[in-house]
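>
2 protein chains.
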Amino acid sequence: MPDHTRPPGKRVTIYDVALEADVSPSTVSRAFSRPSRVNSETAERIRQVAERLGYRTNPLARALTTSRTQMIALVIADITNPVYAEIVRGAQEAATDGEYTTVLIDAQESDRLERAAVERTMSTVDGIVLASSRMSDSAIRMVAKQRPVVVLNRALADVPCVVTDNPRGVRRAAEHLGELGHDHITYVAGPQASWPNGVRWRSLLEAGMELEIKVRQIGPFSPTMAGGERAAQELCARPATAVLAFNDQMAIGIIRGLSRMGVNVPGDVSVVGFDNILAADIVTPGLTTVAAPLYAEGSAATRHLLTMIGGAPGHTGPPMVLPVRLVVRDSTAARNPRPGRARPPWVRQRPVPGPAAHLP
Amino acid sequence: MPDHTRPPGKRVTIYDVALEADVSPSTVSRAFSRPSRVNSETAERIRQVAERLGYRTNPLARALTTSRTQMIALVIADITNPVYAEIVRGAQEAATDGEYTTVLIDAQESDRLERAAVERTMSTVDGIVLASSRMSDSAIRMVAKQRPVVVLNRALADVPCVVTDNPRGVRRAAEHLGELGHDHITYVAGPQASWPNGVRWRSLLEAGMELEIKVRQIGPFSPTMAGGERAAQELCARPATAVLAFNDQMAIGIIRGLSRMGVNVPGDVSVVGFDNILAADIVTPGLTTVAAPLYAEGSAATRHLLTMIGGAPGHTGPPMVLPVRLVVRDSTAARNPRPGRARPPWVRQRPVPGPAAHLP
DNA sequence: CAATACATGGCAACCCATTGCCACCGCCGT
DNA sequence: ACGGCGGTGGCAATGGGTTGCCATGTATTG
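Protein chains in written order, with the working numbering: chain Z, 1 to 360; chain S, 361 to 720.
#1: For S:K370, which residues in the same chain have their Cβ closer than 7 Å to its Cβ, ignoring the five residues on either side in sequence?
#2: Smallest Cα separation from Z:P319: which of Z:E93, Z:C236, Z:V151?
#3: Tell me which same chain residues have a C-beta within less than 6 Å of the C-beta of Z:L359, skipping the five on either side of it?
#4: Take every Cβ of the segment 429-446 of chain S, pair it with every Cβ of the segment 21-34 of chain Z, and state whether three or more of those distances are shorter than 8 Å.
#5: Would a check of beta-carbon distances place Z:R89 closer than 8 Å to chain S?
#6: Decide if Z:P266 is buried, meaning its Cβ has at least 16 other Cβ atoms within 10 Å, or exposed.
#7: At the level of alpha carbons, what is the spacing between Z:A291 and S:A611?
#8: What is the DSSP secondary structure of Z:F32, reduced to helix, strand or coil?
#9: Under the three-state reduction of DSSP, which class applies to S:S470: helix, strand or coil?
#10: Is DSSP giving Z:L278 helix, strand or coil here?
#11: Strictly by DSSP, which residues pair up with Z:K10?
#12: Who are the near neighbours of Z:V125 in its chain, counting only those whose CB is closer than 8 Å to its CB and skipping five residues on each side?
#13: Could you check which residue in S:S470, S:E479, S:R480 has the C-alpha nearest to that of S:S493?
#14: Please tell me whether Z:G90 and Z:Y295 are closer than 8 Å, where the distance is taken between their beta carbons.
#15: Quick check on Z:T224: buried or exposed, where buried means 16 or more other Cβ atoms within 10 Å of its Cβ?
#16: Have a look at the DSSP bridge pairing and note the partners of S:V681.
#17: For S:A534, I'd like the list of residues in its chain whose CB is within less than 7 Å of its CB, leaving aside the five on either flank, ordered along the chain.
#18: For a quick check, are the C-beta atoms of Z:A279 and S:I642 less than 8 Å apart?
#19: To the nearest angstrom, how far is it from the Cα of S:T425 to the Cα of Z:V324?
#20: When the Cβ atoms of the segment 187-202 of chain Z are set against those of the segment 228-246 of chain Z, are three or more pairs found closer than 8 Å?
#21: What's the gap between the Cα of S:I374 and the Cα of S:G588?
#22: Going by DSSP, what residue range makes up the beta strand (DSSP E) through S:T648?
#23: Can you give me the Cβ contacts of S:P645 inside the same chain, cut-off strictly under 8 Å, excluding the 5 residues immediately before and after it?
#24: For Z:M135, count the other beta carbons within 10 Å of its own beta carbon; 16 or more makes it buried, fewer makes it exposed. Which is it?
#25: What does Z:V83 reach in chain S if we use C-beta pairs closer than 8 Å?
#26: Hey, out of Z:I218, Z:S222, Z:V149, whose CA is closest to Z:A237's CA?
#27: Let me know the secondary structure DSSP gives Z:Y84 once reduced to three states.
#28: Would you kindly check if the distance between the Cβ of Z:R172 and the Cβ of Z:L326 is under 8 Å?
#29: Buried or exposed: where does S:S427 fall if 16 or more other Cβ atoms within 10 Å of its Cβ makes it buried?
#30: From the DSSP secondary-structure annotation, give me the bridge partner or partners of Z:V327.
#31: Exposed or buried, which one is S:G529 when buried takes at least 16 other CB atoms within 10 Å?
#32: Select from the segment 634-653 of chain S all residues with a C-beta closer than 9 Å to any C-beta belonging to chain Z, and list them in chain order.
#33: Starting from the beta carbon of Z:N58, find every residue of chain S whose beta carbon is closer than 7 Å, and list them in chain order.
#34: Would you tell me roughly how many angstroms separate the C-alpha atoms of S:V435 and S:V519, rounded to the nearest one?
#35: For chain Z, is any of its Cβ atoms less than 8 Å away from the one on S:V388?
#36: Based on DSSP bridge pairs, tell me the residues matched to S:H544.
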């Protein structure tokens, strides 16, 4: 029997296996990549020899000829944002199901970093999921030209997209606030490079129109707690009784900022967030928010990407829209519960400029 | 002038560039990988042609000969846990500085998944950072034999490690609770596969010994809010006035669970967590916790890995220890502030079994 | 029994870049 | 004028699999 011990440090290749199993390298290759193409007994023998020698097929070498690495990239805007955790989980599950490995890339909310990372990774992966990309439309199309791409949380012609039903979410939030007696909603904007940010504002404009609620926008602010606290300061200068924040982190920041300044939520101001992150449930007061099916987003986007890689035409129809729901907690309440108070007590003396128009 | 338009879908290779620039492929290769080895004018010409043709060196092909992919893997136990966000940031920064790409792998707290993922990825990366690995020591050593590995949040002979000063953190927490009059601390354990979990408990045993504070352990529980809420129920059966939780998420879960049962934190029970996640600051009451330099952990581990990849011997001395600090917030308070109450009012009638001994 | 079809396995080209080694050139020193 | 030398650039092998095509050998069919 030939020696079992290979010189250490040396990779075991199909050639080594071929030698031991007394077949040609191509047969060894086929035994793994197209088992039906080789006699089952031979295949079994090869598999055993391979096992004994500790052979592992080299994915890089394989990729060189097949140009399939069995890896997909998942680009997220900010790993610090808990929203993405669930999305990642969903994507990972779908990828694993399809025998794919996910490489996660954190763009740190930076257009530049995102492009650089995508650039570097592109040639190494079979496809890309861009979750909340901060890149420009044209940059995304550029990427999509070279690799299968699915875009998450953003709609873009000619590129397959998965989005959540932002208009409906905003509408539900506005209805909810309206029912509580609020006739004016302030939208606290997040990053301008964020697609949902624009959509949410426009949806709020529409909803305001239909529901006869006035709306205005302040910001943009960083989509973080710190950003929310800064927004709170600005809110003091231009008071509001109902606030819709770009996301939960900002909403939480707003609540903290307001309470630090003696403003009560929901007594004086109602606050609604977006995303329903875990923290929304643990803050005091619990945050009313628009919940999205995070896990489903990740998994739907990834599954679609996988079919594209498998050769399906990236059906460039309308984006796939996932449903949302409003989770009502304690950060929203009826407006001005204290009778006789036209305005919350913390309104500064400076008169509020005439009611904000429905901006274009 | 030859045609500028390449057949679409076809990758541009050094051969294409060589043809256009009228040099041999090897010269093109050298123009990029060892510019000093080729005439600067030639190199410039080649670079321009390459630019015009849109040539990008194929990292896979390069890796095949150099066996360097310029990628490292960062394996984390649970992407849902916000602790890792900062670690990832630190690691990513260090990697980017060294011209490396990080591929992030989420093990979902599963030994099995972690092994599988590492297995799949190993041959594709130049090195691995295992952050809070759930694998067995032997499995880790196995991996370390094949690729440079740095282990984070775990000490392991023969493998380079980066850990935080758990003993000191526990000691500080115990001192803090002792100063508040607590003479008994209950440790709420996290995953048994977690190395810090064991260390924290043992450190608490030691600290208890020295500070003359009794200690006991309950658990293990899942290191999540849900796990903490379950722990809270068990805490009701076996009351305590001071609790040290494995991490912040459990601590928050414990606080919620307790308050749901009418127990006041910190009035009746003081709770201390570990990690100082963002949420620790936003819950009510604010969570007293042991803070670790997360970002530094990730970056230190990665930098060390990079030097190993660069050829340095993975100095297998003692682990690198990073300092911690105690962040005191509002979840800890003096024991039994209400005079005349030997025990908090919520103690069930069933007598508490004799004070837990200092277990082995 | 001849003719054809199918199941297996080998040969060799190919994927793309890297690199050791050699060849050529112009220039120097003697 | 000739040997030697540094600077450039090309040839060809290499890394580890994959795959089109052909050559067997066996099984099926008329």
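We treat Cβ as the ideally placed atom computed from N, Cα and C, and that holds for glycine.
This is what the structure holds:
#1: Here residue 370 of chain S refers to the residue found at position 10 of the second sequence. Around S:K370: no qualifying Cβ.
#2: Here the question's residue 319 of chain Z lines up with position 319 in the first sequence. Out of Z:E93, Z:C236, Z:V151, the CA that lies nearest to the CA of Z:P319 is found in Z:V151.
#3: By one-based count along the first sequence, residue 359 of chain Z stands at place 359. Residue confidence for Z:L359 is low, a pLDDT of 38 falling below 50, so the modelled location carries little weight and cannot support an answer.
#4: Verdict: no, contact absent.
#5: In the first sequence, counting from the first residue as 1, residue 89 of chain Z sits at position 89. Taking Cβ atoms only, chain S reaches closer than 8 Å to Z:R89, which makes this a yes.
#6: Taking the first residue of the first sequence as position 1, residue 266 of chain Z is located at position 266. So Z:P266 ends up on the buried side.
#7: Sequence index remark: in the first sequence, residue 291 of chain Z carries index 291 (1-based). Sequence index remark: in the second sequence, residue 611 of chain S carries index 251 (1-based). Taking the Cα positions, Z:A291 is about 25 Å away from S:A611.
#8: Residue numbering aside, residue 32 of chain Z sits at position 32 when the first sequence is read from its first letter. In the structure shown, Z:F32 sits in a helix (DSSP, three-state: H, G or I).
#9: Residue numbering aside, residue 470 of chain S sits at position 110 when the second sequence is read from its first letter. The answer is coil: DSSP assigns S:S470 none of H, G, I, E or B.
#10: Taking the first sequence and counting its residues from 1, one reaches residue 278 of chain Z at position 278. If DSSP states are grouped into helix, strand and coil, Z:L278 belongs with coil.
#11: Here residue 10 of chain Z refers to the residue found at position 10 of the first sequence. The bridge partners DSSP lists for Z:K10 come to none.
#12: Your numbering for residue 125 of chain Z matches position 125 in the first sequence. Contacts found: T69, M71, I72, A73, V103, R147.
#13: Residue 493 of chain S sits at position 133 when you count from the first residue of the second sequence. Among S:S470, S:E479, S:R480, the Cα nearest to that of S:S493 is on S:S470.
#14: Locating residue 90 of chain Z in the first sequence gives position 90, where the first residue counts as 1. Locating residue 295 of chain Z in the first sequence gives position 295, where the first residue counts as 1. At a Cβ-Cβ threshold of 8 Å, Z:G90 and Z:Y295 count as neighbours.
#15: As a first step, residue 224 of chain Z is located in the first sequence; it is residue number 224 there, counting from the start. Looking at its Cβ environment, which holds 16 or more other Cβ atoms inside 10 Å, Z:T224 is buried.
#16: Here residue 681 of chain S refers to the residue found at position 321 of the second sequence. According to DSSP, which records beta bridges pairwise, S:V681 is partnered with S:V523.
#17: The count along the second sequence starts at 1 and reaches residue 534 of chain S at position 174. Within the same chain, Cβ atoms closer than 7 Å to the Cβ of S:A534 are found at I545, L564, A567, G568, L571, I573, the five residues on either side in sequence being excluded.
#18: Translated into positions along the first sequence, residue 279 of chain Z becomes position 279. Translated into positions along the second sequence, residue 642 of chain S becomes position 282. It is a contact, given that the beta carbons lie within the stated cut-off.
#19: Taking the first residue of the second sequence as position 1, residue 425 of chain S is located at position 65. Taking the first residue of the first sequence as position 1, residue 324 of chain Z is located at position 324. Distance between the alpha carbons of S:T425 and Z:V324 is about 50 Å.
#20: Yes, the segment 187-202 of chain Z touches the segment 228-246 of chain Z.
#21: Position 14 of the second sequence, counting from 1, holds the residue named residue 374 of chain S. Position 228 of the second sequence, counting from 1, holds the residue named residue 588 of chain S. It is roughly 58 Å from the alpha-carbon of S:I374 to the alpha-carbon of S:G588.
#22: Numbered from 1 along the second sequence, position 288 holds the residue referred to as residue 648 of chain S. Looking at the DSSP string, the run of the beta strand (DSSP E) that includes S:T648 is 648-651.
#23: The residue given as residue 645 of chain S occupies position 285 in the second sequence. Residues of the same chain with a CB within less than 8 Å of the CB of S:P645, apart from the 5 flanking positions on each side, are I615, V625, P626, R689, D690, S691 in chain order.
#24: Mapped onto the first sequence, residue 135 of chain Z falls at position 135. With 16 or more Cβ atoms within 10 Å of its Cβ, Z:M135 is classed as buried.
#25: By 1-based counting over the first sequence, the position of residue 83 of chain Z is 83. Within chain S, no residue comes near Z:V83; the closest Cβ sits about 11 Å away, beyond 8 Å.
#26: Locating residue 237 of chain Z in the first sequence gives position 237, where the first residue counts as 1. Measuring from the Cα of Z:A237, the nearest candidate turns out to be Z:I218.
#27: As a working mapping, residue 84 of chain Z is identified with position 84 in the first sequence. Z:Y84 falls in the helix class under three-state DSSP.
#28: Residue mapping note: residue 326 of chain Z aligns to position 326 of the first sequence, counting from 1. Residue mapping note: residue 172 of chain Z aligns to position 172 of the first sequence, counting from 1. Yes, these two residues count as a Cβ contact at 8 Å.
#29: Position 67 of the second sequence, counted from the start, is the residue given in the question as residue 427 of chain S. Under this definition S:S427 is an exposed residue.
#30: Numbered from 1 along the first sequence, position 327 holds the residue referred to as residue 327 of chain Z. DSSP, once it has assigned bridges, lists Z:T289 as partnering Z:V327.
#31: Within the second sequence, residue 529 of chain S is the residue found at index 169, counting from 1. Counting Cβ neighbours within 10 Å, S:G529 comes out buried, since at least 16 surround it.
#32: Closer than 9 Å at the C-beta level to chain Z, one finds these residues of the segment 634-653 of chain S: L638, A639, D641, I642, V643, T644.
#33: Working through the first sequence from its first residue, we reach residue 58 of chain Z at position 58. Correct list: S483.
#34: As a first step, residue 435 of chain S is located in the second sequence; it is residue number 75 there, counting from the start. As a first step, residue 519 of chain S is located in the second sequence; it is residue number 159 there, counting from the start. Computed Cα separation, rounded: 16 Å.
#35: Translated into the one-based positions of the second sequence, residue 388 of chain S becomes position 28. Among the CB atoms of chain Z, none fall inside 8 Å of the CB of S:V388.
#36: One-based indexing of the second sequence puts residue 544 of chain S at position 184. Paired residues: S:K574.
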